[in-house]
Amino acid sequence: MTLRILTDTAADIPDSLADELGISLIPLNIHFGDEQLKDRRDITGDNFFERLASSDVHPTTSQPSPGEFAEAYQSLIDDGADEILFVSIHGNLSGTLDSAKQAIELVDGARIATVDTRRTSMAQGIPAIRAAELANNGGGLDEAVALAEDVASRTKSLVIADTLEYLKKGGRLTQSQYVLGSMLRVKPILGIGEEPPYVTIATRVRTLKKALETMVNMANEDEIEWASIVHGQGQENAEIVQALMKPHVGEVPIYEVTPVLGVHLGPGTVGLHWISAKG
């Protein structure tokens with residue numbers, strides 16, 4: 012049996028790491044008006060944020076179609092896969108998982124399963140990474156599903172956005188959350204939940220410096236098995252978080268937020284994701 016792992020670009024797994032582990036990435040879509048761009052294929056990092064700053068139109072996002080998923084599955088089958096696991100962005104934040112499930116009926120030649128991580132960014136990425144490591148060591152589909160579900164269930168996220176305006180425009184925050192989080196001289200720390208509301212305000216502090224320290228302190232209340240930092244045009248703040256984390260868990264890798272998440276978070280975002288050893 013040959014198992015291959017597929018995930019979407021919202022997982023924030025860099026191409027170099029995906030290539031190393033044999034993870035296939037299917038891009039989500041970004042729309043500037045009538046123009047559709049493939050995430051990380053047609054538009055990347057800094058180019059996206061430059062366009063976001065200059066555009067009169069706020070971009071939107073959409074999931075890959077079932078047909079695109081069928082093509083991705085077929086490509087893996089043609090490459091020798093007879094088992095495929097798709098590790099998905101939060102099923103309630105995107106229609107991506109629905110497309111992935113519909114596409115299973117469109118192809119033959121492999122057992123295909125999906126896992127809804129109920130996470131995004133590297134909190135979605137790490138279940139895919141762990142599943143790929145298992146696959147590379149001869150593991151099968153059922154084992155990979157169980158592992159990805161376990162890792163996802165223990166993975167937690169905190170995010171600091173420079174402004175909540177983009178989350179509000181994208182419909183990821185309610186009006187009351189936006190008002191509370193945007194109060195003068197207050198910097199909110201956001202969490203991602205499994206149940207509504209899926210984006211939550213975990214706490215609010217007075218300054219960015221305090222927010223970075225508080226985010227790290229909140230994470231370090233946990234027993235951390237693994238951690239990563241992500242940012243969107245926030246390298247300096249990501250490095251501050253990295254330095255604050257180092258005495259507790261050692262060197263924590265830093266990754267860039269993919270443009271499709273940048274649509275909703277905006278520039279200046281920094282996030283911290285970790286696996287809790289306690290569940």
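Residues 12 to 290 in our numbering are what the sequence shown lists, from first letter to last. Idealized CB from N, CA, C, for every residue including glycine.
In the DSSP assignment, the beta strand (DSSP E) including residue i goes from what residue to what residue?
i	result
Ala-124	122-127
Glu-205	Taken as a continuous stretch (DSSP letters only), Glu-205 belongs to no beta strand (DSSP E), as it is neither H nor E.
Glu-224	Per DSSP, Glu-224 belongs to no beta strand (DSSP E); it is in the alpha helix (DSSP H), 219-231.
Lys-167	166-171
Leu-175	Element bounds for Leu-175: n/a, residue is neither H nor E.
Arg-15	14-19
Val-241	235-243
Give me the Cβ distance between residue i and residue j, rounded to the nearest whole Å; I'm assuming they're in contact under 8 Å.
i	j	result
Ala-172	Leu-276	5 Å
Ser-287	Arg-165	5 Å
Thr-280	Val-268	6 Å
Ser-168	Asp-127	Rounded, the Cβ-Cβ distance is 15 Å, inconsistent with contact.
Gln-135	Gly-106	Incorrect: roughly 15 Å between the Cβ atoms, too far for contact.
His-101	Tyr-209	7 Å
Leu-39	Asp-19	6 Å
Ser-239	Pro-264	5 Å
Leu-117	Ala-81	4 Å
Lys-289	Glu-232	About 11 Å separates the two Cβ atoms, so there is no contact after all.
Phe-43	Ser-66	6 Å
For residue i, which residues in the same chain have their Cβ closer than 6 Å to its Cβ, ignoring the five residues on either side in sequence?
i	result
Thr-211	Gly-202 and Gly-204
Phe-97	Leu-17, Ala-111 and Thr-125
Gly-120	Ile-88
Thr-13	Gly-91, Ala-92 and Asp-93
Val-241	Asp-23, Ser-132, Met-133, Tyr-266, Val-268 and Gly-282
Phe-59	Pro-270 and Gly-273
Val-260	Ile-235 and Ala-238
For residue i, which of helix, strand or coil comes out of DSSP?
i	result
Val-98	strand
Leu-276	helix
Ile-24	coil
Asp-153	helix
Ser-287	strand
Asn-147	helix
Leu-36	strand
Val-281	strand
Arg-130	coil
Val-216	strand
Measuring only from the beta carbon, is residue i closer than 7 Å to any heavy atom that is part of the ligand PLP?
i	result
Gly-56	Absence of the ligand PLP from the depicted structure is noted, as is the absence of any ligand whatsoever, leaving it without description.
By Cβ distance below 8 Å, which residues in the same chain neighbour residue i in space, the five residues on each side in sequence not counted?
i	result
Ser-86	Ser-35
Asp-57	Gln-244
Leu-223	Ile-171, Asn-248, Ile-251, Val-252, Leu-255 and Val-281
Asn-148	none
Met-229	Leu-169, Ile-200, Ala-213 and Thr-214
Lys-221	Lys-198
Glu-154	Leu-145
Gln-113	Pro-77 and Phe-80
Leu-28	Ile-34 and Ile-140
Apart from the five residues just before and just after residue i, which ones in its own chain have a Cβ nearer than 7 Å to its Cβ?
i	result
Val-197	Arg-215 and Arg-217
Ile-41	Leu-48, Asp-50, Ile-54, Pro-70, Thr-72, Pro-270, Val-271 and Val-274
Leu-152	Leu-14, Glu-94, Leu-96, Arg-122 and Ala-124
Val-162	Ile-137, Pro-138, Arg-141 and Ile-286
Arg-52	Pro-38
Ala-143	Ile-16, Leu-32, Gly-33 and Ile-34
Ala-157	none
On the DSSP letters alone, give me the boundaries of the alpha helix (DSSP H) that residue i sits inside.
i	result
Leu-108	107-115
Extract the residue ranges of the beta strand (DSSP E) inside the region 47-95, only unbroken runs of 3 or more that lie entirely within it. 71-73
Uninterrupted alpha helix (DSSP H) stretches inside the region 246-271 (no shorter than 4 residues): 246-260
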